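Chains as they are written, first to last, in my numbering: chain G, 24 to 499; chain R, 245 to 583. Input: a single structure, listed below in structure tokens.
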Amino acid sequence: MYIQGLPRPHYQGLHQTLSALGADELRRRQAAADMSFLHQGITFTVYGDQRGTEKIFPYDVLPRLIPANEWDTIQRGLAQRLIALNLFLKDVYHEGRVFDEGIVPRELIWSCKHFRREMRGVNVPRDVYVTVCGSDLIRMPDGRFAVLEDNLRVPSGVSYMLANRQVMKRVFPAVFKSAGIQPIDHYAQSLLTALRALARPDIADPHIVLLTPGVFNSAYFEHAFLARQMGIQLVEGRDLLVHEGVVYCRTTEGLRRVDVIYRRIDDDFVDPVVFRRDSQLGVPGLFAAIRMGNVAVANAVGNGVADDKAVYAYVPRLIRFYLKQDPILPNIDTYLMEEADSRAFVLDRLHEMVVKAVGESGGYGMLIGPHATTEQREEFRKRIIADPRNYIAQPTISLSHAPCFINGSLESRHVDLRVYVICSGSVDKVVICPGGLTRVALKKGSLVVNSSQGGGSKDTWVLSPGHDRESIGGAL
Amino acid sequence: MLSRVADSLYWMSRYLERAGHTASVLSLQLQVALDQSPSAAMAGWLRLLTSLRVELPGEAMTDTTAALRLVGFDQNSPASIVSCVAAARFNARQVREQISGEMWEQINRLYIWISNEDLDTLATRNPQELFDRVQTTAHLFQGLSDGTMSRGQGWHFMQLGRAIERACNVSSLLAAHFAWLDQAPTATPTAEDYTEWAGLLRGSAAYEAYCKLNSAELRPERIVEFLLLNPDFPHAIRFNLQVINDTLQALEHEAAGVKIRHRAASGSGPQIGEARKIVGRSLASLSFSDLHEIMQKGLTSVVLDVRKSCEDVHFAVSRQYISYPIDFSVLTPTSLTPA
């Protein structure tokens, strides 16, 4: 938010208004927001807690602002990226041009934990592997946004983006009138349209369901929320059955055919016949139905090869290869531990690097060099040497800061931004909701923003063109 | 509606009714015992456990707090009030997108309150607070369902759960309190008997309604007549059998509007389903009997029949709507080839 102690231009209006409002009033509004979340039961489940406690996702009342010109870059950059990633996934599971032409080493993909050889040669409706992508962006020291990672399997958190906005409107109603904040309420509609487009064209009114692992999943609230917003059924694996390659759900009126599944369970659990035998969450025979083209499943199985943290390093090259364009959004410098030179370089500088296990997400399996103890660094050194393919390293990037209202005063905390990108029925048709989930590392100095590890969130306002400067103010 | 969702709505409603009923009879037992001799009070506790269909504790019960924990405050005892609330809330969470936000909030609030209480302390110091909260929530939940829920299938399954649970509970109460009528119908009542019977009526929220009809003269056969045969009182068995019958009929009408192709043989049209036949027979036998005939047949056997009917209805509904067998031979997918 600040440049050398002064607010960035697009924050000036908000800054002035907040100063006028005073800490007491702000505290009252924060309390109002908290109550609103509590009463609606907008919660997530904390794993490893004996009682399966559900907690409120901590929420900060101060919005984050993104001016229209910056958003334009983000939007074009993410669309370009998703188009390339969808083309890449089709290539990986079909022709393999990307290997033949030496862009990406074959071994890198085939050794990937999330590579699904069962998907080779399987046609995916409209060639859309990724229907929903959640991309994490950070602001670099030079002010530009860069992509930290893509989530192409089952990205979560979008319900908090929508709920944050609803609560914000209730708490700061007046400001929305004049500020030129782009609305995001149509997200569920866009997602539904994209899902509908995956159904076979001869089906006039496709039956679409959302497949959840059930109430014990940490994101169950989100699943129920999205199902309600889209007006589709929320089903569990035990509600579905497959007969001769066709998926049905069991209703009080008999069996009903299912055409499209928005699944929120991981690849491993989709079908116990093909993947994990012990899975109770999936549907036996579902993968056969997918192969036969009788049901569309979004996101497709096997997308994990494209958001593997080692493959991430190749994304700019993929964009050049498939689209013959320069990447609009940069990557973070990434060192593959498999490459001997990079490994030697990183092992010498573990205290200044971030090391990540390639197949993990949610902030697990990660070493933040500058904050780690000597023992932790030695532990990672051993692990890297034992299994180099499984690790990458990046320079420690100081996430940008945003002001947060913490214990009654303004304090600065690290933030990132997750943007939800939808591919709507054909690879080149990308829809991006103008907003996102700004995640906040609420612990002072912490760089970990994941909700499972003490992160919180704030509303993210994308400003309309012409509203970039001193526009937010007056009656906040 | 998904079969699983219907099942959860049914059980949510049943468990909440059970929690409310248990809270009500426990609350009364604690008060009644104050007016009784220790031996009569102990007999009262044993009767209460029988009426709740709870296994008696293995060793002879020397103090009543064990019973209070077993059916009230012990999270490890499936029959306890706190377990029933947790089960109701678990089922409600499964169907959050089906019930109104207000309904969810009531049940969630009670659950959160219980989770934050030290249950052992509460059981010894102020058990009444739990009973009051549970009963209030059960009533609020009922009122909110009336006021905020569409009268679709989901609503019907909730009605069904509550009516079945109530009919079972009241049957067990009558069996536990009046089995002796079958042996010695002329025994002279004592003052303690009156205390017990007033407690029984209050435990079913029936005392005032009974008095309006019969004055405050408490006579066993009148009480039986009221709780078994009254067609208008919402806790009476006949009333609840009528609700079950009407609800099943409504469900059949809705199902008749939908073409049932995939389901195996049982009832392929707007015929009377198995469940409604069972409850219809049971209802008719109560509707067209008077007290004299009931006593001749024996009260115990009549209420056991009611309970058996309720159980049979439960399984018949499950076979018809929830876990029905599937006739795969009629499943003919339009096409098996990719488009």
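No residue lacks a Cβ here, since even glycine has one placed at the ideal position from N, Cα and C. In this text, all values refer to a predicted model and were calculated from it rather than measured experimentally.
Short check: CB of residue i to CB of residue j, under 7 Å?
{"i": "G:Ala247", "j": "G:Leu257", "result": "yes"}
{"i": "R:Arg466", "j": "R:Asn458", "result": "yes"}
{"i": "R:Leu472", "j": "R:Tyr438", "result": "no"}
{"i": "G:Ala211", "j": "G:Gln252", "result": "yes"}
{"i": "G:Val377", "j": "G:Gln417", "result": "yes"}
{"i": "G:Pro148", "j": "G:Ala395", "result": "no"}
{"i": "G:Val115", "j": "G:Val324", "result": "no"}
{"i": "R:Leu543", "j": "R:Leu425", "result": "yes"}
{"i": "G:Gly458", "j": "G:Ile161", "result": "no"}
{"i": "R:Val574", "j": "R:Ala519", "result": "no"}
{"i": "G:Leu110", "j": "G:Tyr345", "result": "yes"}
{"i": "G:Gln205", "j": "G:Ser423", "result": "no"}
{"i": "G:Ser435", "j": "G:Pro426", "result": "yes"}
{"i": "G:Leu105", "j": "G:Val444", "result": "yes"}
{"i": "G:Val238", "j": "G:Ile284", "result": "no"}
{"i": "G:Ile415", "j": "G:Ala333", "result": "yes"}
{"i": "G:Asn413", "j": "G:Leu175", "result": "no"}
Below 6 Å CB to CB, which residues in the same chain sit around residue i once its five sequence neighbours on both sides are set aside?
{"i": "G:Asp482", "result": "Pro86, Asn187, Arg188, Met191"}
{"i": "R:Ser510", "result": "With a pLDDT of 49 at R:Ser510, under the threshold of 50, the modelled position of this residue cannot be trusted; read the value that follows with caution. Closer than 6 Å at the Cβ level, and outside the excluded window around R:Ser510, lies no residue."}
{"i": "R:Trp255", "result": "Asn335"}
{"i": "G:Leu41", "result": "none"}
{"i": "G:Val127", "result": "Val121, Tyr337"}
{"i": "R:Gly443", "result": "Leu272, Val276"}
{"i": "G:Leu460", "result": "Gly180, Tyr183, Met184, Arg441, Ser480"}
{"i": "R:Arg563", "result": "none"}
{"i": "G:Ala102", "result": "Val453"}
{"i": "G:Val194", "result": "Arg52, Ala55, Ala56"}
Closest to residue i by CA distance: which of the options is it?
{"i": "G:Ala380", "options": "G:Ala367, G:Ser421, G:Tyr335, G:Val324", "result": "G:Tyr335"}
{"i": "G:Asp282", "options": "G:Val269, G:Leu422, G:Phe292, G:Cys156", "result": "G:Val269"}
{"i": "R:Ser247", "options": "R:Leu527, R:Gln338, R:Ser295", "result": "R:Gln338"}
{"i": "G:Pro393", "options": "G:Leu470, G:Leu264, G:Phe60, G:Leu108", "result": "G:Leu470"}
{"i": "G:Gln303", "options": "G:Tyr337, G:Thr235, G:Gly325", "result": "G:Thr235"}
{"i": "G:Gly448", "options": "G:Phe80, G:Arg31, G:Leu214", "result": "G:Leu214"}
{"i": "R:Val298", "options": "R:Ala420, R:Ser394, R:His558, R:Pro433", "result": "R:Ala420"}
{"i": "R:Arg196", "options": "R:Ser562, R:Leu300, R:Pro433, R:Ala460", "result": "Residue 196 of chain R falls outside the range modelled here, since chain R spans only 245 to 583, and no answer is possible."}
{"i": "G:Pro339", "options": "G:Asp330, G:Leu346, G:Pro350, G:Arg300", "result": "G:Pro350"}
{"i": "R:Gly417", "options": "R:Thr365, R:Arg551, R:Asp362", "result": "Gly is not the amino acid found at residue 417 of chain R; the sequence shown has Leu there. Closest option to R:Leu417, Cα to Cα, is R:Arg551."}
{"i": "R:Leu253", "options": "R:Trp399, R:Ser553, R:Met393", "result": "R:Trp399"}
{"i": "G:Pro17", "options": "G:Glu362, G:Thr397, G:Arg343, G:Asn317", "result": "There is simply no residue 17 of chain G to check, as chain G begins at 24 and stops at 499 in what is shown."}
{"i": "R:Asn489", "options": "R:Lys521, R:Ala500, R:Arg563", "result": "R:Lys521"}
{"i": "G:Asp83", "options": "G:Gln98, G:Ile97, G:Met58, G:Glu276", "result": "G:Met58"}
{"i": "R:Gln386", "options": "R:Arg377, R:Ser359, R:Met402", "result": "R:Met402"}
{"i": "G:Asp225", "options": "G:Asn317, G:Cys135, G:Thr275, G:Ala197", "result": "G:Asn317"}
{"i": "R:Glu469", "options": "R:Thr392, R:Leu527, R:Asp534", "result": "R:Asp534"}
{"i": "R:Glu496", "options": "R:Ile481, R:Leu485, R:Gly517, R:Val487", "result": "R:Gly517"}
{"i": "G:Cys456", "options": "G:Gln39, G:Arg31, G:Val155", "result": "G:Val155"}
{"i": "G:Tyr4", "options": "G:Pro229, G:Val297, G:Ile79", "result": "Since the first residue shown for chain G is 24 and the last is 499, residue 4 of chain G is missing from the structure and cannot be characterised."}
List the whole-angstrom C-beta distance separating residue i from residue j, where the pair is believed to meet the contact cut-off of C-beta under 8 Å.
{"i": "R:Ser268", "j": "R:Ala449", "result": "7 Å"}
{"i": "G:Val145", "j": "G:Arg314", "result": "5 Å"}
{"i": "G:Val526", "j": "G:Trp133", "result": "Shown here, chain G extends from 24 to 499; a query on residue 526 of chain G therefore has no answer."}
{"i": "G:Pro307", "j": "G:Val265", "result": "7 Å"}
{"i": "R:His209", "j": "R:Val414", "result": "This structure gives no information on residue 209 of chain R, because the portion of chain R shown stretches from 245 to 583."}
If I measure Cβ to Cβ from residue i and keep anything under 8 Å in the same chain, skipping five residues before and after, which residues do I get?
{"i": "R:Thr308", "result": "Ala277, Ala285, Met286, Trp289"}
{"i": "R:Ala508", "result": "Caution is warranted here: a pLDDT of 48 is assigned to R:Ala508, below 50, making its placement in the model unreliable, and no coordinate value can be reported."}
{"i": "R:Gln319", "result": "Val326, Ser327, Ala330, Leu363"}
{"i": "R:Leu270", "result": "Leu292, Leu312, Val315, Gly316, Ile325, Pro371, Phe375"}
Just to confirm my understanding: we take residue i, look at its own chain, exclude 5 residues before and 5 after, and list those with CB closer than 7 Å. What are they?
{"i": "R:Tyr565", "result": "Ser247, Ala250"}
{"i": "G:Gly478", "result": "Arg462, Val463, Ala464, Leu465, Val471, Val472"}
{"i": "R:Phe483", "result": "Asn474, Pro475, Asp476, Phe477"}
{"i": "R:Ala332", "result": "Met256, Tyr259, Leu260, Ala263, Ile351"}
{"i": "R:Met245", "result": "Gln397, Gly398"}
{"i": "G:Pro81", "result": "Leu465, Gly479"}
Worksheet item: Considering only residues of the segment 364 to 393 of chain G, which uninterrupted beta strand (DSSP E) runs meet the minimum length of 3 residues and lie entirely inside it, listed in chain order?
Response: Qualifying beta strand (DSSP E) stretches, in chain order: 376 to 380, 389 to 391.
Practice prompt. Only counting runs of 4 or more residues, tell me where the alpha helix (DSSP H) segments fall wholly within the segment 457 to 495 of chain R, in order along the chain.
Written response: DSSP runs (the alpha helix (DSSP H)) wholly in the segment 457 to 495 of chain R: 464 to 473.
Worksheet entry | Within the segment 388 to 426 of chain G, ranges of the beta strand (DSSP E) (whole runs, at least 3 residues) | If only complete runs of 3 or more residues are kept, the segment 388 to 426 of chain G shows the beta strand (DSSP E) at 389 to 391, 414 to 418, in order along the chain.
Worksheet item: What runs of the alpha helix (DSSP H), each 4 residues or longer, lie entirely inside the segment 358 to 396 of chain R?
Response: Fully enclosed alpha helix (DSSP H) runs of 4 or longer: 363 to 369, 371 to 392.
Discussion item. Report the start-end ranges of each beta strand (DSSP E) in the segment 193 to 275 of chain G that is 3 residues or longer and not cut off at the edges.
Written reply: Entirely contained in the segment 193 to 275 of chain G, the beta strand (DSSP E) runs reaching 3 residues are, in chain order, 231 to 234, 256 to 258, 263 to 266, 269 to 274.
Worksheet item: Which whole runs of the beta strand (DSSP E) in the segment 323 to 363 of chain G are 3 residues long or more, in chain order?
Response: Restricted to the segment 323 to 363 of chain G, not a single beta strand (DSSP E) segment is unbroken, complete and at least 3 residues in length.
Discussion item. Runs of 4 residues minimum, wholly inside the segment 278 to 319 of chain R: which ones carry the alpha helix (DSSP H) assignment?
Written reply: For the segment 278 to 319 of chain R, whole alpha helix (DSSP H) runs of length 4 or above, ordered along the chain, are 282 to 295, 309 to 312.
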